[in-house]
Structures are given as structure tokens and as C-alpha cells.
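*Asks:*
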Amino acid sequence: MPARVWREAMTAASLSLPVKPASMLTRRLAVAVTVASFACLPLSLIWASPSTLWLRAMVLALVAVLVFTVLERWPRRLPNALARWALQVGGLALAVPVTTFAIYLFSTADGAPPFWTQSERASGFFLLSLAGMLVAPWTALAALVRQKDALARHQALAFDLERSELARQALDARLHLMQAQVAPHFLFNTLANVQALVDVGSPHAPAVLRSLTAYLRAAVPQLHEGGTTLGQEVELVRAYLELMHMRMPDRLRFSMHLDESLAGAHCPAMTLLTLVENAVRHGIDPGEDGGTIDISIERHGTRCLARVSDTGVGVQQGGVPGTGLATLRERLALTFAGAAQLRLTARHPHGVCAEVEFPVQDTAS
Amino acid sequence: MNPPTALIADDEPLLRDALARQLAQAWPELRVVAQARNGREAIEAFEALGPDICFLDVHMPGISGVEAASRIGRRAQLVFVTAYDQYAVQAFAQGALDYLVKPVEMARLTDTVARLQERRRAALPVTQTEALLQQLAAQLRKDAPPRPLSWVYAQVGPALRLIPAQSIDYLRSDTKYTAVAWRGDDGLPAEALVRTPLKELLAQLDADHFVQVHRAVAVNLRAVSHITRCGNETATIHLKHRAEALPVSRTFLHLFRQM
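Chains as they are written, first to last, in the working numbering: chain W, 1 to 365; chain E, 1001 to 1259.
1) Output the boundary residues of the alpha helix (DSSP H) element that contains Y1177(E).
2) Under three-state DSSP, which class holds V1089(E)?
3) Three-state secondary structure (DSSP) at I1008(E)?
4) Can you find the residues in the same chain that come closer than 8 Å, C-beta to C-beta, to S44(W), ignoring five residues on each side of it along the sequence?
5) In chain W, which residues lie with their C-beta within 7 Å of the C-beta of N1232(E)?
6) Threshold first: 3 residues or longer. Then list the beta strand (DSSP E) segments lying entirely within the region 1020-1051 of chain E, N to C.
7) Determine, using beta carbons only, whether Y1099(E) and T1082(E) come nearer to each other than 9 Å.
8) Select from L60(W), V33(W), H204(W) the residue whose C-alpha is nearest the C-alpha of Y104(W).
9) Leaving out the 5 sequence neighbours to the left and right, which residues in its chain are closer than 7 Å to R299(W) when beta-carbon positions are compared?
10) Tell me, please, whether the CB atom of T311(W) is closer than 9 Å to any CB atom in chain E?
11) Could you check how far apart the C-beta atoms of I1008(E) and Q1025(E) are, in whole angstroms? I think they sit under 8 Å.
12) Output yes or no for whether 9 Å exceeds the beta carbon distance between R272(W) and K1102(E).
13) If you measure beta-carbon to beta-carbon, which residues of the region 266-298 of chain W are closer than 7 Å to chain E?
14) Any contact between the region 1002-1016 of chain E and the region 1053-1060 of chain E? By contact I mean 3 or more CB pairs, one from each, below 8 Å.
15) Between which two residues does the alpha helix (DSSP H) carrying I46(W) extend?
16) Considering just the uninterrupted stretch of the alpha helix (DSSP H) at W85(W), what are its terminal residues?
17) Between the alpha carbons of P1197(E) and A1218(E), how many angstroms are there, rounded?
18) Under a three-way DSSP split, which group does A1189(E) fall into?
19) G318(W) CB to nearest chain E CB: under 9 Å?
20) Can you grab the Cα-Cα spacing for the pair S23(W) / L151(W), in whole Å?
21) Quick check: what's the CA-CA separation for A196(W) versus Q1022(E)?
22) N1002(E) CB to nearest chain W CB: under 9 Å?
23) So what does DSSP say about M256(W), is it helix, strand or coil?
24) Around the C-beta of R56(W), are 16 or more other C-beta atoms found within 10 angstroms, so that it is buried, or is it exposed?
25) Name, please, each residue of chain W whose Cβ falls closer than 7 Å to the Cβ of N1038(E).
26) Using a Cβ-Cβ cut-off of 9 Å, state whether L1136(E) counts as contacting chain W.
27) To the nearest angstrom, report how far apart A1179(E) and L1171(E) are at their CA atoms.
28) Go ahead and pull the three-state DSSP assignment for Q317(W).
29) By the DSSP assignment, the beta strand (DSSP E) with Y1153(E) in it spans what residues?
30) Residues in the region 1081-1095 of chain E with C-beta within 9 Å of chain A's C-beta atoms, listed in sequence order?
31) Taking the beta strand (DSSP E) that Q1077(E) falls in, what are its first and last residues?
32) Between A1159(E) and chain W, is any beta-carbon pair separated by less than 9 Å?
33) Please report the distance separating the alpha-carbon of H1241(E) from that of Y215(W).
34) Can you give the beta carbon distance from S309(W) to C353(W), rounded, assuming they're within the 8 Å contact cut?
35) Taking C-alpha atoms, which residue in T108(W), A183(W), A219(W) lies nearest to D1085(E)?
36) Specify, as a first and last residue, the run of the alpha helix (DSSP H) that T190(W) falls within.
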């Protein structure tokens, strides 16, 4: 578990921070040291002591990285006229001669005359400053360009990641819908009931068979995805509830109300059925006394509100509605892009009220 | 020998009647003395009437058929009836228990009746043992393994709401309650209260997504934007959709340590 947690946390973290600060600093130092070493090569031909030259160049490189990094963050707010990159490059150009001056000042032996009065040391100071001022700002510019590049690449990557995540969710939702929705337990129990009706020559048998057929046609994996109309969805739910009522006549009561003006409205397949199946499976079936399911579908302005409330056993923390509702949420989010809502509330003294709200989109028919 | 008596327990009335009819055909002498609608009624009817044979539907509201059977034990011959319970059927077959599959076929019922009559004639002891039945009942309960919570039951204003776990950003312990910071379908941040203590709630949530980062805070990793290190071995978690930052205490910092 910890490994996975770590990995996910780091992925999450890396989305906003392309490179970790510590490794960034190491990389900058390495670049500065390399560049400074190369800059030393031509100078060392005319320098009296190449090792002193290299040491001074290293001090310059360190200070340059320090100035560059500090000015990257500080000061927090800049006047509009001053761009951050200009401050960094300008700051470097200024820092190099100042630092060189300081190096020469401090490396002057006690009692010796000031370095600018000695021609050899003075020319050394000028050469080193000049080389530093030539090399450092250009290196800084190159670093800035690379950094911007990396940020753009990183953002593109994050965007791709997000897009593929969305695509995966869409695929998942479709797969879930296509996976058998018909529980074998439900099917065989219902068939046993139909068999019982047929055996005794019950006049109800044909109607029950029709309900079963209607239910199966809708619930068996559908290869064509997409929606139905609320009118069709209500008929499907009616078929399902009539089957369940045949099976538990003493435990299940139901009522349905559909605003007729919504019958032609678009509705993602199985939306209402998922809520009703959930109410039966988790509310009515587990209780010895069963309960009532009330279904109402109303228009609220430009939105449709479908409510399925039951007086069943309700949910306890832990014994909570199954995956059906979770996938319904996903499907609604994909179909209505966030404009749909699924709410579950507890009812008193027991039972659950499930509500789905989404914009009304009339189908062309 | 007295005529044999039987009890039929099934929550579906049509199926109780159908089995009674089929039994009348397959075993005319058998008297069905009681029909029960659930496990509790089955046990009550058994204690009152003491039938020789009990036909018990496995899936019944309240007390299941297997649980009822383990209460009845060896005092009756038991026959389980099920529509489709893969694991139960396997277990019945392995335990040499009698079972019927719905819709009940006449041929299969005739076989079962013959076996019951045989045992009755030879006065053989009842095959099932309590131990086996209890084991089976426990196993059937286990068939629904405790999955991580996909919804959390919480108080939002005056209403009790079910909040999808995936839309929770973080949980914060609040003396007796746990505050749930989540986002509604409109994407706006909201807060709710759960009566369950943080630790208990966290144990029921998907451990791959919810981790404790502080004595009083657990975060949904999917809601994390980035993490900044602070001094003194602590860190701060910044969230994708919320302004507030969450503390990571020293004890939990190892979760976010880089390699």
C-alpha cells in the first residue's frame, strides 16, 4: 500500500511542479561549474596561476547560481515594467563584477597596496569580470529558455494525461453498462415464478412474460449505447416493478407518476431503472415487511427531476448502495458534462430517497 | 409410521405454492404443515410444529435459509432451495446436503424425494451437522465481502445525504464527529458531518485513495494538487479544488518521501 500511495501522491504532486527544488539546484550548480570551467580554459593560457583562476571562477559560478535562484523568487512582487527574466539576467550582469571586485579585495595580502594600483592584478580583475559578464547572462538566458520549454512540455503532458483519464472513464462507464445487468438470481427466480403461473394455467402468465421480455430487452447488454426517452424508461421500470410485485406481492407496493410533457425527453439508458433496482435490492428485499416505492418525474423549469423514494430498510453506514449508483453517476457526468446531479437522502423513519436532476433535452421525434 | 410432515419457507408466495403442488405430485403422503415467508417465521413454525422435513429458500429477508437451517440443526431433514447461488450450490454438493434449484424440475424433485424416503425408511441419522451449517452460513455472509465504502452517509444541513466517496476531498476529525469536505455535482466545495470517528471511517474507505496525513486529517489522494515541504519534518498538502492547505505531520511524512 505505501508504495502505491507514494506513487500516486508523487504523480499528483508532479502535476504542478515539473522538477523538485533540490534536484533543480543541483543541476544548476553542475551547469554553472561546467560553464565556468570551460570559460577558464582560454584565460588559463595567459594566467599566472591557473588553479587560482579556476578557484575564483568557481566562486563566481556559485554566486551566479545563488543570485539567479534568489531573484527567481524574490522580491515576490515586481513592478509591471520589470520582467522577472530581465531582473535575473540584469542581476547576474551586475553581480559578476561586484563579486570579482570582492574576490580581489579579499585576496589582497595584508599590507599590500590596493590591487587596482598593480597593473597585473588590475588587468586580471578586468579580464575575469569581462569573461564573467559575457558568459553568465547568456547562460542564464539559455537556462530560462529551457525552463520555459520544459514547463510547456509538462503542461502539454498533464493535459494529455487528463484527457486520457476522461477517455478511460467514458470507456469504463460504457463497459459497465454493457456488462450483464441481469443478475442470474433475478432471472431464474422470475422464471420460476413464470413457470409456476404457466403450470396452473394462470391468466396472468402472458402479461408476466411480456413484462419479462420488455425488461430483458432493455437490461441485456446493449451494443448500441446512448439514451432512450423518459417515456420508454418509465415503461421499462413498470415492467420491472410488475415482475417484482408478482414475486413479492405482500411486500412491494409502488406508484409511478410521469409528467406527460416529459415523455419524449432524452434520458440516458437505465437511469431510472438503476435507481428503482437499487431501491428494491437494498431497501425492499432485505426487509421482512418490504415497503413502498414512489416514483415521480417532474419538470422544474428547464430541468427534469426524477425521484425514487422507498420506505425500505434504508442504508446503514457500511452496508451501502452498490456499484450501480456509482456507475450511474459516471454515466450522468459523461452525458450531461456536470449539468446532472444525483442525490441520495435518508428518509424518516427509514428508507432512501434518490433524486436525479438533469436538463430537459427533447428528442427530435 | 406417521405420515411425514414438511415445512416450506420461501419469501415468494407463487414459489411456495408451486413447490407444494409439485410435492403433492411427487410424494402424495407428505403433508405440508406450514409455509413461512422468511427465516424467522420458518424457525417459529418449526418450533411449533416440528415437521420432519424443511424446504428452505436460501435467500430470504432477515434470517436467511442457511441461518435458519443452522438453528434447526439435526432435528429435521433439510432441503435447500435456491435460484442461483453459485457458492451455496457448490457448498451443498460438497457437504452432501440436499438442494433443489429453481425453477424446480420434476425429475430432480423425484430424486430428492426418493433419497428422503430412503433415509426415513432406514431411520438413518440426519446427515447435516450444525458445524457444517454454521460454516456455510458464515461463508454465505462472506460472499458479499466488505468492499470499501463507495458512499458515505453524512449530515448536510438538516438532511442526511449519501456522499460519493470519490467526491470527498478530505476528512477532518472534529471531536465526536468527522467533517467531510466534498464537492457536489456542481463542483462547488461543501462540508458535511459524519457521526463516525475519523479512524473508523477511514478503515472503511478505499485505502488506495484515502490516507491519513495528520492525527486529525485524512486526504483523498485524487484531490491532491501538490505537496510542499516545510521545516521541522512537516509538509503541506495543497488541493486541486480548494484554497485551504492541509498539514502533514512528521509521523505521516514518510508516505510522501521521495526515493
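The C-beta atom is built at its ideal place from N, Cα and C for all residues, glycine as well.
*Replies:* By the coordinates alone:
1) Y1177(E) -> not in any alpha helix (DSSP H); beta strand (DSSP E) instead, spanning 1177-1183.
2) helix
3) strand
4) P50, L53, W54
5) Per Cβ cutoff of 7 Å: no residues; N1232(E) is ~17 Å from chain W at best.
6) 1031-1036
7) yes
8) L60(W)
9) D259, S261, L262, V360
10) no
11) Not really, about 14 Å apart at Cβ, beyond 8 Å.
12) According to the sequence displayed, residue 272(W) carries Leu and not Arg. No, these two residues do not count as a Cβ contact at 9 Å.
13) D285, P286, G287, E288
14) yes
15) Careful: I46(W) lies outside any alpha helix (DSSP H) and carries neither H nor E.
16) 84-106
17) 12 Å
18) Sequence check: residue 1189(E) is Pro here, not Ala. P1189(E): strand per DSSP, three-state reduction.
19) Any answer about G318(W) is weak, because its pLDDT of 46 lies below 50 and its placement is not dependable; what the coordinates show is given next. With 9 Å as the cut-off, G318(W) counts as an interface residue toward chain E.
20) 16 Å
21) 10 Å
22) no
23) strand
24) buried
25) E288
26) no
27) 6 Å
28) With a pLDDT of 49 at Q317(W), under the threshold of 50, the modelled position of this residue cannot be trusted; read the value that follows with caution. Coil, per DSSP.
29) 1151-1156
30) No chain A is part of this structure, whose protein chains are labelled W and E.
31) 1077-1082
32) yes
33) 41 Å
34) 4 Å
35) A183(W)
36) 184-199
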